[in-house]
């Protein structure tokens with residue numbers, strides 16, 4: 032079993048609402064990163080000039096490091112900065128011996144971490160997930176295409192789920208089953224802390240218990256009864272913002288289009304008036 036961190040994202044409490052690429056946004060982000068323990072990460076980023084990106088979701092602007100597949104987002108209505116490190120970037124940080132210091136600085140700020148485990152000669156994804164313990168994550172989905180096979184355990188909208196996939200030939204990873212555990216919000220923070228305190232093997236073993244893996248090829252090397260758990264609170268509000276963007280905004284738009292409400296009048300009566308009352312207290 033080959034285990035690795037394959038994705039990491041975290042937030043910084045830096046309010047650059049409305050800020051774009053002009054001004055001192057980049058310098059402020061760099062200063063805040065360095066002030067909160069990300070010196071090695073900033074040195075790593077300084078080796079490549081990033082490309083500018085327009086807004087995404089509730090963020091107004093961003094930068095993208097093409098080689099490392101790292102993104103930084105800020106501005107818009109967000110009162111924080113979001114940093115996203117894809118699998119390529121995680122591997123490059125491992126090669127650079129900077130992944131540990133980055134994880135230490137990010138652990139209490141993490142919004143998502145993916146822990147991937149590669150299993151050679153483990154069969155197809157359906158074979159793997161069919162052997163898991165019952166009553167663990169009722170939601171599941173299967174996908175098949177010319178490029179390979181994928182099984183999802185748990186809802187992709189939830190704070191934790193697993194993606195199990197196998198590439199078909201001629202992909203260079205054909206024959207190697209990948210089990211990706213996706214953990215968001217407080218589960219991400221708990222997983223980061225567990226990796227730092229007890230090591231990646233312990234985290235993998237507890238993830239195996241959490242999802243109920245029982246395939247013969249699942250051999251984490253550590254025996255434990257532990258499962259990764261977390262208290263549900265959102266320190267920097269990223270989960271709340273995602274909910275507002277994905278659930279509340281579409282519901283308000285639909286209600287307006289269906290003639291149920293005048294959304295501007297509704298906002299004035301139920302939101303803006305309450306904000307005014309709170310500010311006056």
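Residue numbers (the numbering used here): 32 to 312.
Just so you know, even glycine gets a beta-carbon here, dropped at the ideal spot from N, CA and C.
Just so it is clear, the structure is predicted and the values come from calculations on it, not from any experiment.
Closest in alpha carbon position to residue 260, among 76, 238, 75, 149, is 238. With contacts defined by Cβ atoms closer than 8 Å, residue 40 and residue 116 form a contacting pair. If the five residues before and after residue 196 are omitted, its C-beta is found closer than 8 Å to the C-beta atoms of 156, 179, 180, 181, 182, 208, 209, 211, all from its own chain and listed in chain order. Residue 145 and residue 37 do touch by the CB rule: their CB atoms are close to 5 Å apart, below 8 Å. For residue 64, the closest alpha carbon among the candidates 132, 159, 236, 119 is that of 132. Around the Cβ of residue 160, a 10 Å sphere holds 16 or more other Cβ atoms; the residue is buried. For residue 136, the uninterrupted alpha helix (DSSP H) segment begins and ends at 130-137. Setting aside the 5 residues that flank it on each side, residue 143 is surrounded in the same chain by 40, 215, 219, each with a C-beta closer than 6 Å to its C-beta; the list follows chain order. By the Cβ-count criterion, residue 202 is exposed, with fewer than 16 other Cβ atoms from all chains shown falling within 10 Å of its own Cβ. Under the three-state reduction of DSSP, residue 79 is assigned to coil, being neither helix nor strand. Following the DSSP letters along the chain, one finds residue 281 in no beta strand (DSSP E) but inside the alpha helix (DSSP H) bounded by residues 280-288. If you ignore the 5 residues before and after residue 96, its C-beta comes within less than 7 Å of the C-beta of 76, 79, 81, all in its own chain and listed in chain order. For residue 91, there is no enclosing beta strand (DSSP E), since its DSSP letter is neither H nor E. Note on geometry: alpha-carbon atoms of residue 139 and residue 52 lie some 27 Å from one another. Boundaries for residue 169: no alpha helix (DSSP H) harbours it, and the DSSP string shows neither H nor E there. Taking residue 45 as the centre and dropping the five residues before and after it, the same chain places the C-beta of 63, 112 closer than 6 Å to its C-beta, in chain order. At a Cβ-Cβ threshold of 8 Å, residue 135 and residue 68 count as neighbours. One Cα belongs to residue 158, the other to residue 249, and the distance between them is close to 12 Å. Contact annotation: residue 255 and residue 233 have beta-carbon atoms nearer than 8 Å.
Cα atoms of residue 162 and residue 235: separation of roughly 17 Å, rounded to the nearest angstrom. Distances from the CA of residue 169 to each of 102, 119, 120, 243 were compared; the closest alpha carbon is that of 243. Residue 32 and residue 191 have their alpha carbons spaced roughly 21 Å apart.
Exclusion of the five residues before and after residue 127 leaves 75 as the residues of its chain whose Cβ lies within less than 7 Å of its Cβ.
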